[in-house]
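Participant:
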Amino acid sequence: MVADPGTGLRFAVLGPVRAWRDGTQLSTGSPQQRALLAAILLRGGHTATAPELVDAIWGEEPPQQALAALRTYASRLRKVLGSRTLLSESGGYAIQTSAPRVSLDLDQASRLASLAEKFAAEGDLCKAREHYVEALALWDGEPLSHLPGPYAETQRVRLAEWRLSLLEHRFDLDLQVGCHAEAVSELTAVSAAHPLRERLRELLMLALYRSGRQAEALAVYDDTRALLAEELGIDPCAELSELHQRILRADEGLALASSGARGSAGDWVTPHQLPASVTDFTGRSSFVKELRDELANADGAVMAVSAVAGIGGVGKTTLAIHVAHAAKDRFPDGQLYADLQGASASPTEPRAVLASFLRAFGIADSAIPESLEERAALYRSLLSGRRVLTVLDNARDAAQIRQLLPGNEGCAALITSRTRMVDLAGAYLVDLDVMSPDEAMSLFTKIVGEERVRAERESAMDVVAACGFLPLAIRIAAARLAARRTWTVSVLASKLADERRRLDVLQAGDQAVRATFELGYGQLDTEQARAFRLLGLADGSDISLHAAAAALDRDPEEAEELLESLVDTSLLESAAPGRYRFHDLLRLFARDRARRTEQDGSQRPDAGADGTAAVSEGDLAHARLLDFYLATGKRAFALDRPAERAAQHLLEANHPGLDFEHREEALDWLFTEASCLLACVRQSACTPALLRPAVDLLFATIDLSDSGVHSQSYEQAATAVRDAADAAGDALVGARARVTLTHSHADSGRFEQADEEATHAMLLALSAEDPLSTSYLPNERGIIATYLGDYERAEPFILQAIEAFRDDRNTSSEASAICNLSRIHMALGRHESAIRLAREGVSFYQRIGLTLRLANARYTLGCALTRAGRPEEALVELQRALEVFQDSRQDRWVGVTHFRFAEAHLALGDAGTAATHAERAITLRAIGGEWRRGTVLIVLGKALAELGQHGRAQACWLDAQQVLETRNSPERHEVRELLAATAHR
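Okay, here's the thing in structure tokens:
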């Protein structure tokens, strides 16, 4: 696309010849007049003589009045551009494109390309790539398009060749910085357009190989060798042949170039995730030196910082962060940090940590692999050739961190854990004990102040001794004293001398930390203490202000005051504006305090009048939190689907929930709170009384199932609720949980599991007389049967769903089912009725303003139009759907829409564009999981076959066959036919 014309006078030749003044396009006249302008512009400010210009425009046979015509064109251009722009010199003409406020896109592209070469030579590959991308973006179609004359034709060829050269440089950098998956789609299209250009084939082979598609990479070589022999009678060049051999032997050197890796098309993002180092860091000098020396010699070694006997609060994190900050200059490519929550009941899963690390490097959610192994492989590829420091804080054990270790020369990992990781091969182990008395006194003095300690040094020593020389305990005690100017050190010492309050702080293990926390907790007033206890019961990684206010049953202003007071006392952390989190040890302590408070009965509500047991304050807080999430989730659901009756079948919440002005605001809330609300659902599964609101919250947030990013967490929460409902014998909850699981399994291509869940769910729904489940389940079963190719079974299910939705006056879902019926009709070859049904869905959603559902209907209409042989119309509908899916963060739907684009372009005979979209669908992992990947590979193979790349097409079909035969999918028959036809070529 052409760059913004901006201000001044700007010319463009990398596309149609155009001119702008201060952003307004100027008329440049007839083709011959534009040919004259181009010939002058391409002289680089030098004067072009009249004979040269005549020859440029008309060649060897100019008209008799060529010179007069030339002057006429020049006169007209001068009127448009100004006499100071188009200069007459020595019978010729010139335009000074280097003059102030005058620019030419070709000059700009040349400058960017030169800068790219400079950055590449200096080793800054990301900057180099950025400049190549910017230079290539200046092209706007064919250069000098529609201009007559031999000169224009010569320059067109030259500029097109230069663009290809720039593309090759950019592709090369794509592979060097790890963008191989994204590069495949464009390389496929460009190499198809220039089939004899071996460098493009070489880059495509390497991109495919690095994307785990070795068979296709080898097939590209076979196709290239056959093409060169047929067209030119030659063999592939030495570089291509060598790459072929290296791929055959799986040469480790091909894994990734030494410059590093990336998994998305954006720039390399350098993460700086280290938490702030404490300003009063004290002591530990020998450990600091020891670890810094190890980091200075980083060659993939792993350093573990562990505490003796698992004592918490000994300063492991503080030391690790201090050392990391001191050494970060040695790791210019970034510093990663993750709290693995090893001390909690639910340690952070390595898979989730890897996802956060990949995002920190700028990897889009859609590009992050599903499995732990694939994420670990991509993570290590990204770090290859980079110097990155990874701090893994609070690890439970070696098993938790093995997949998180860089394992690359030049990188290092710094680990803290309560356990000594003797089973972590190659680790440099450091046992961190409590502070020495001098170090402890120094730390205490830095926090409290020299003057106060000097006046009561003996009392100060009593304080640090009572803290067991434990850094965390010392910090908390000193902070309490520093915040209370009326206290003397001796007052604090006397409080610590009371064993009932100190709780035997000198004992090993968690008692030391608990006693220290008790000191801080004891200073809280009743409201602060209640907030501390109740918020610690929530399982989410953090909590928003409004969610906390709901759990505490306080208005947001009062809740914010309480939470900020806890932040001031270091018992809570401010994760971001309006969000709060606990240190894991403090969360454990808060839960312990909540249990003890319930046991002594001091905060237990009175038992019911009927003699039923009292509900604990913690259970009430959790119920209020769930109620808040349900209320707000329903509001977001209703805003996104205003005519959807499902929300009316969900429980009415007591909390009003948050208000949203726009759909986008509701989506922001949903995706920001996703992990917390799903954690709340999982936690609620442990309480039978909360199963109904929990399953209704799942239903209200079902868009998370389709998102790709949160799909697995959503499925885990739904599974927990289903299992709990079965144990409790709750048919309604069991049915609704299975509806959500059916949806999740179907989206992931697990159709047999989806059908099993749906079958069981229907039995439960009928027994519970649940109108929500009994209407949604036939629709889901119809979708599953359609995917399985069982159309005779699918149509009755969809018709049943339409009737059920109609009986429930759920017109929105009725329209959705009608669209699903359209898909059945198109599969059966009933194209006109398929299009009519899809248009019904589009019209309905247009009338009521359902954005996402309208996109689903347009998607269906696009599919139907393609099947009916009307691909041009299909592309219009698919483009509209794609834009909504992208805005709605539905990555899986984005992927499957690219698949439909591929089908439409293939029907139009545009195999190159079809292959590009199919590659994007594979990269984005479309709805349908592995089954969908198999169907995409079929289309990709067809596009490649039309491009003459028969070997690679066969490789795609073989891969598809393996996927589809394993699943007994109906598409397996088509693959067999394609492969059989290939065998007879």
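Per our numbering, the very first residue in the sequence shown carries number 413; after that it's consecutive.
Every residue, glycine too, gets a C-beta built ideally from N, C-alpha and C.
Please read all numbers here as calculations on a predicted model, not as lab measurements.
Going residue by residue through the segment 1101-1138, where are the continuous alpha helix (DSSP H) segments of at least 4 residues, counting only ones entirely within it?
Facilitator: If we require 4 residues or more, the alpha helix (DSSP H) runs fully inside the segment 1101-1138 come out as 1103-1112 and 1115-1118.
Participant: Are three or more beta carbon pairs between the segment 1028-1038 and the segment 1087-1102 nearer than 8 Å?
Facilitator: With a cut-off of 8 Å, the segment 1087-1102 and the segment 1028-1038 count as touching, because enough Cβ pairs lie within range.
Participant: Quick check on the DSSP output: the alpha helix (DSSP H) that includes Val429 runs from which residue to which?
Facilitator: The count along the sequence shown starts at 1 and reaches residue 429 at position 17. Val429 -> no alpha helix (DSSP H), and no H or E assigned at all.
Participant: Would you mind stating whether Pro474 and Pro560 have Cβ atoms separated by less than 8 Å?
Facilitator: In the sequence shown, the residue the question calls residue 474 occupies position 62. In the sequence shown, the residue the question calls residue 560 occupies position 148. In this structure, Pro560 does not lie closer than 8 Å to Pro474 by Cβ.
Participant: Let me know if Ala491 comes out buried or exposed under the rule of 16 or more other beta-carbons within 10 Å of its beta-carbon.
Facilitator: Against the sequence shown, residue 491 aligns to sequence position 79. Ala is not the amino acid found at residue 491; the sequence shown has Lys there. Lys491 comes out exposed.
Participant: Take Ala1177 and list the residues in its own chain whose beta-carbon comes closer than 7 Å to its own, dropping the five residues that flank it on each side.
Facilitator: Position 765 of the sequence shown, counted from the first residue, corresponds to residue 1177. Hits under 7 Å: Ala1147, Ser1185, Thr1186 and Leu1189.
Participant: For the segment 773-822, list the beta strand (DSSP E) runs that are entirely contained and at least 3 residues long, ordered along the chain.
Facilitator: Within the segment 773-822, the complete beta strand (DSSP E) runs of at least 3 residues are 801-807.
Participant: Mapping the DSSP letters down to three states, classify Leu1056 as helix, strand or coil.
Facilitator: As a position in the sequence shown, residue 1056 is number 644, starting the count at 1. In the sequence as displayed, the identity of residue 1056 is Glu instead of Leu. In this structure, Glu1056 counts as coil in the three-state DSSP scheme.
Participant: Give me, in chain order, the residues of the same chain whose beta-carbon lies closer than 6 Å to that of Phe1313; leave out the 5 immediate sequence neighbours on both sides.
Facilitator: As a first step, residue 1313 is located in the sequence shown; it is residue number 901 there, counting from the start. Leu1290 and His1329.
Participant: Compare the Cα-Cα distances from Leu1294 to each of Ala1319, Gly1324, Ala1333 and Ile1260 and report the closest residue.
Facilitator: Along the sequence shown, one-based indexing puts residue 1294 at 882. For Leu1294, the nearest C-alpha among the options comes from Ala1333.
Participant: Kindly identify the DSSP beta-bridge partner or partners of Ala460.
Facilitator: Counting from 1 along the sequence shown, the entry for residue 460 is found at position 48. Paired residue(s): Tyr505.
Participant: Helix, strand or coil: which one does DSSP assign to Asp922?
Facilitator: Looking up residue 922 in the sequence shown gives position 510. Confidence in Asp922 is poor, its pLDDT being 38 and thus under 50, which makes the residue's placement unreliable; the coordinate value appears in the next sentence. Note: Asp922 maps to helix in three-state DSSP.
Participant: Report back the beta-carbon spacing between Ala1250 and Ser1234 to the nearest angstrom; my notes put them in contact at under 8 Å.
Facilitator: Within the sequence shown, residue 1250 is the residue found at index 838, counting from 1. Within the sequence shown, residue 1234 is the residue found at index 822, counting from 1. Contact holds; Cβ gap of about 4 Å.
Participant: Going by Cα to Cα distance, which pick from Phe929, Phe1311 and Ser986 is closest to Ile955?
Facilitator: In the sequence shown, counting from the first residue as 1, residue 955 sits at position 543. Checking every option, the nearest Cα to that of Ile955 belongs to Ser986.
Participant: Quick one: residues in its chain with C-beta nearer than 8 Å to the C-beta of Phe944, no 5 flanking neighbours on either side, listed in chain order?
Facilitator: Here residue 944 corresponds to residue number 532 of the sequence shown, with the count starting at 1. For Phe944, where only same-chain residues beyond five positions count, the Cβ hits under 8 Å are Tyr933, Leu936, Leu978, Leu983, Leu984, Ala1002 and Arg1005.
Participant: Could you tell me which residues DSSP puts in a beta bridge with Ile1230?
Facilitator: By 1-based counting over the sequence shown, the position of residue 1230 is 818. DSSP lists no partner for Ile1230.
Participant: Cα-Cα, which of Ser953, Leu946 and Glu1204 is closest to Asp965?
Facilitator: For the purposes of this step, residue 965 is identified with residue 553 of the sequence shown, where counting begins at 1. The option with the nearest alpha carbon to Asp965 is Leu946.
Participant: With DSSP collapsed to three states, give me the class of Asp1220.
Facilitator: As a position in the sequence shown, residue 1220 is number 808, starting the count at 1. Here Asp1220 sits in coil by DSSP.
Participant: Does Ala688 come out as helix, strand or coil in the three-state DSSP assignment?
Facilitator: Residue 688 sits at position 276 when you count from the first residue of the sequence shown. Correct three-state label for Ala688: coil.
Participant: Would you call Glu1204 buried or exposed, if buried means 16 or more other Cβ atoms sit within 10 Å of its Cβ?
Facilitator: By 1-based counting over the sequence shown, the position of residue 1204 is 792. Flag for Glu1204 reads exposed.
Participant: Any contact of the segment 1075-1090 with the segment 1138-1145, i.e. 3+ C-beta pairs under 8 Å?
Facilitator: Judged by Cβ distances under 8 Å, the segment 1075-1090 makes no contact with the segment 1138-1145, as fewer than three pairs qualify.
Participant: Are Leu1370 and Ala1323 close, meaning C-beta to C-beta below 8 Å?
Facilitator: By 1-based counting over the sequence shown, the position of residue 1370 is 958. By 1-based counting over the sequence shown, the position of residue 1323 is 911. No, the pair does not count as a contact, with Cβ atoms beyond the cut-off.
Participant: Okay, do the segment 734-750 and the segment 800-809 touch, 3+ Cβ pairs below 8 Å being the bar?
Facilitator: The answer is yes - the segment 800-809 touches the segment 734-750, with three or more Cβ pairs under 8 Å.
Participant: With three or more C-beta pairs closer than 8 Å as the rule, is the segment 864-876 touching the segment 899-908?
Facilitator: They touch, by the three-pair rule.
Participant: Could you tell me the boundaries of the alpha helix (DSSP H) in which Leu1249 lies?
Facilitator: Start at 1 with the first residue of the sequence shown, and residue 1249 comes out as number 837. Taken as a continuous stretch (DSSP letters only), the alpha helix (DSSP H) holding Leu1249 covers His1243 to Ile1260.
Participant: Excluding the 5 residues preceding and the 5 following Val1387 in the sequence, name in chain order all residues of the same chain whose CB lies nearer than 7 Å to its CB.
Facilitator: Numbered from its first residue, the sequence shown carries residue 1387 at position 975. Excluding residues within five positions, the ones whose Cβ falls inside 7 Å are Ile1350, Trp1369, Ala1372, Gln1373 and Leu1376.
Participant: Tell me where the alpha helix (DSSP H) around Leu540 begins and ends.
Facilitator: Here residue 540 refers to the residue found at position 128 of the sequence shown. Looking at the sequence shown, residue 540 is not Leu but Ala. Where Ala540 is concerned, the enclosing alpha helix (DSSP H) stretches over Leu537 to Leu548.
Participant: Are three or more beta carbon pairs between the segment 650-660 and the segment 775-782 nearer than 8 Å?
Facilitator: The segment 650-660, when compared against the segment 775-782, does not touch it at the 8 Å Cβ threshold.
Participant: Quick check for students: name the residue ranges of the alpha helix (DSSP H) that lie wholly in the segment 1334-1361, counting only runs of 4 or more.
Facilitator: Fully enclosed alpha helix (DSSP H) runs of 4 or longer: 1341-1358.
Participant: Output the boundary residues of the beta strand (DSSP E) element that contains Leu908.
Facilitator: For this step, residue 908 is matched to residue 496 along the sequence shown. Element bounds for Leu908: not the beta strand (DSSP E) but the alpha helix (DSSP H), Val901 to Ala909.
Participant: Look at the alpha carbon of Leu516 and the alpha carbon of Leu482, and state the distance between them as a whole number of angstroms.
Facilitator: On the sequence shown, position 104 is the one that residue 516 refers to. On the sequence shown, position 70 is the one that residue 482 refers to. Using only the alpha carbons, I get a separation of about 22 Å.
Participant: Count the C-beta pairs between the segment 1250-1268 and the segment 1057-1066 that are closer than 8 Å, then say yes if the count reaches three, no if not.
Facilitator: Verdict: no, contact absent.
Participant: Hey, could you find the ends of the alpha helix (DSSP H) Val1151 is sitting in?
Facilitator: What you label residue 1151 is simply residue 739 of the sequence shown in a count that begins at 1. Val1151 -> alpha helix (DSSP H) spans Ala1143 to Asp1159.
Participant: What are the boundary residues of the beta strand (DSSP E) that Glu985 is part of?
Facilitator: The residue you call residue 985 lines up with position 573 of the sequence shown. It spans Glu985 to Ala988 - the beta strand (DSSP E) in which Glu985 sits, taken as one unbroken run.
Participant: Buried or exposed: where does Gln1361 fall if 16 or more other Cβ atoms within 10 Å of its Cβ makes it buried?
Facilitator: On the sequence shown, residue 1361 is found 949 positions in, with the first residue counted as 1. With 16 or more Cβ atoms within 10 Å of its Cβ, Gln1361 is classed as buried.
Participant: Can you check which of these residues, Ala776, Glu614 and His1155, is closest to Asp1303 by C-alpha distance?
Facilitator: What you label residue 1303 is simply residue 891 of the sequence shown in a count that begins at 1. Measuring from the Cα of Asp1303, the nearest candidate turns out to be Ala776.
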